[in-house]
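Have a look at the structure below, then the notes.
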Amino acid sequence: MEQKTIVIDNEIELRLKNNHNKTTGDTNILFGSVETPFYFEDLKQMVDDEKIDLAKRYIQNYFCKLYTVSGVLFWNPASYDKVILIADKDVALSYIRKDLEVVTGFDKKKKPITWNVHEWFFKENTDRYSIDCHVHKPPVYSEKGISYINSFKGFLYRDKISFQKRLEDTETKKYIEEGIQTIWDHILQVLCSNNQDQFIYVKNWFQWMISGYKTNTCLYLTSPQGTGKSTVLDFISKLVLGQSITHTVSDASVLDPNSFNSELSGKILLVLEELPSSNTGQWNKISDNLKNFITGSTLLIKGKYKENYSIKNVINTIISSNHRCAIKIENSDRRIVATDVSNCKIGDTNYFDKLHKLTNDPLIGEAFFWECVQQRDPSFDFRKIPKSELKTDIICDSLSLPIEFIKEEYVLKNKSLTGLLKQIFEACTKYCESKNKTKPKSKRAFSSELKNIGIESYNSSKHNNHVYFDIAHEKLKDIYIKKGYISSTDEFGLQTNEQPINHIEELQNEIKLLKEKISQLESENLKLKTPPPKDELEDGDIEILKNTHNLLNNFKGPKSYPRKYTKNGKEIYPKYNDLSESESESESESESESESESESESKNKKKTIMDSDDDTTEIINKFRNNK
């Protein structure tokens, strides 16, 4: 038994000596420095043999306490995650047990002095570690006097030399090069619709992300099913990076800082796949959480029934959806890269058979990884996001109500924005009611939002110093185009006349002018109703009456004057002097007898005719004016 103990002790000491610093490269760090599993029997034997220093070192290789998190980190090199957080009570129950102790001597009173493993680790041991995530650091490292446990699990491929030896075979090298090119061609043709600007950006984005660097932007891919976007994402997640450092989920709540998210610790890629179409409330919530997640330098990790801790945020994000409006994008956004995904390969079975064969080959996955690492451009500027129709459409769908109202009612209808703030705000309120949308909170908020995009008002002296808008349509249209508020589907000219809406004040002024005009016309009409003096009648008046009779042919006028009569088969229009109060006498008398009437009698007849019909008088005056 003693011989066995010595042999085991020698093996343990040798193992600790050989493996020390292999993982960390730091002589001051013990945790995670061994590649063999922990055995309780080994620890117990060291304690029984009073190998206290060796036992302490053995424990420190597998267990460590943290500064900000309760519980103990357990290093298990045989497990997938290698580092596991265990509650104190579970450690005491199964690993560092309270009953594990040894008598090391006696005091003056001859009482035994014991060394207890549990007491030493939890009360006397002062070693503490902090959790962080650093892609290019070892699993355990020290920085500025602080020891860190790295939650990053490591890349799937680490032996580049071995891979390069495989390229010495000509056929293998050709197969790899053609396979990689096929995948990049698919990204160009499908994910970027052959748009070179989008492709250059996306290619650099993948190269940075796969190399473990944060881009501070998010790829947004949306299209119907069957385009092949998920083929690329699955390939990168499973065969290029590996599932230990990527996380794919369809629930956007993982972005919520109030949700449990321990699965994000140590990850460099988050794929939000098949996000559903969201309503306005969901839009705003997802978008706000996404902003902080994309560009935040730290990430708060929350585990169920565990304490929270902060780590470095090294995660890049890809959103994939079959719905165009799964998220909200504002015009000022500098985080979302929305590419125009093409449908050109949908239904092409032969094409996808070849593509799927490549994207399921681990050799192509490793080759793709090393190419991205080797070709990454450290100087690429991810702030210069390429334009796309998709992003413009989403921005237009996400416009605030004031900006949407001006676009729909003025820009697209070819109208200049002219009028008082009060009246335009009221029109916007009615617009919101008709669309069943929430109206702007106040005129001030309405005006302020328009001012932010360059639509400014002023205090007009012509309108009692009230706030007034006066912006020509061309300027208005130019503002919206530069801001990216006009999409390819927008139609202009729904109303061709470029006229401002008549507002209440303008209508009141117009009513006033109309009233003055009516008064003037009534005055003129009164004058027309007054018959002219008898001495103003001219020789042509009889001719005027003839024309008047023709116009009133279908009108039964008063008996004081006939329209016409027939004599000897001819239609005869009576001369003015022939008209008398008696129609029968006028038809029986001859022209000579009519001429013999006295001048006074003729004048009386003229007056009778004028008084008999006001309309006739008015027509006579019109004929005179025309004449």
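First residue of the sequence shown? That's 49 in our numbering, and the numbers climb one at a time after it.
No residue lacks a Cβ here, since even glycine has one placed at the ideal position from N, Cα and C.
Predicted model only: the values in this text are computed from it and were never measured.
For C480, same chain residues with a beta-carbon under 8 Å away, outside a window of 5 residues either side, are L449, F453, T486, K487 and P488 in chain order. Here N364 is near L318, since their CB atoms are less than 9 Å apart.
Judged by pairs of C-beta atoms under 8 Å, the region 201-220 does not touch the region 386-399, as fewer than three such pairs exist. Our two residues, N500 and I529, have alpha carbons roughly 15 Å apart in a direct line. The alpha carbon of I534 has as its nearest neighbour, out of L447, N243 and D97, the alpha carbon of L447. Under the three-state reduction of DSSP output, C392 falls in the coil class, being neither helix nor strand.
Per DSSP, reduced to three states, the secondary structure at G80 is coil, with no helix or strand assignment.
Straight across, the Cα-Cα distance linking L438 with N370 is about 13 Å.
Annotated as proximal: H182 and F200, with beta-carbon spacing under 9 Å. Sequence-distant partners of V151 (beyond 5 residues in either direction) whose C-beta falls short of 6 Å from its own C-beta, in its chain, are P160 and T162.
In the assembly as shown, S298 is an exposed residue. Its beta-carbon has fewer than 16 other beta-carbons within 10 Å. When L215, V515 and D401 are compared, the shortest CA-CA separation from A415 is found for L215. Rounded to whole angstroms, the separation of the alpha carbons of S241 and P434 is 13 Å. Collapsing the DSSP output to three states places D518 in a strand.
Taking G395 as the centre and dropping the five residues before and after it, the same chain places the C-beta of G274 closer than 8 Å to its C-beta, in chain order.
By the Cβ rule, the region 338-347 counts as touching the region 255-273, because three or more pairs are nearer than 8 Å.
Taking a contact to require three or more Cβ pairs closer than 8 Å, the region 558-578 and the region 463-470 do not qualify as touching. For I359, the uninterrupted beta strand (DSSP E) segment begins and ends at Y357 to K360.
Of I503, V302, K360 and M257, the smallest CA-CA separation from P426 is found for M257.
In the structure shown, E89 falls within a helical segment according to DSSP collapsed to helix, strand and coil. Taking the Cα of W418 as reference, the smallest distance to any Cα among K350, L289, L403 and L320 is reached at L289. In the structure shown, L323 adopts coil according to DSSP, grouped into three states. D207 sits in coil when the DSSP states are folded into three classes, being neither helix nor strand.
In the three-state DSSP reduction, P410 falls in the helix class (H, G or I). In the three-state DSSP reduction, L148 falls in the coil class, being neither helix nor strand. Here A300 is buried: its Cβ has 16 or more other Cβ atoms, across all protein chains shown, within 10 Å. Comparing alpha-carbon positions, the option among D96, L91 and K113 lying closest to K104 turns out to be L91.
An exposed status is given to Y115, since fewer than 16 other beta-carbon atoms sit within 10 Å of its beta-carbon. Judged by DSSP in its simplified three-state form, A493 adopts helix. The beta carbons of N309 and I367 sit no closer together than 9 Å.
Bounds of any beta strand (DSSP E) do not take in S313, whose DSSP letter is neither H nor E.
Taking a C-beta distance under 9 Å as the contact criterion, Y143 and F111 qualify as a contact pair. With fewer than 16 other Cβ atoms from the protein chains shown falling within 10 Å of its own Cβ, Q556 counts as exposed. Cβ neighbours of I412 within its own chain (closer than 6 Å, five residues either side excluded): G227 and L406. Residue state for R383 is assigned as coil, using DSSP reduced to three classes. Annotation: the continuous alpha helix (DSSP H) that includes T477 extends over L469 to S482.
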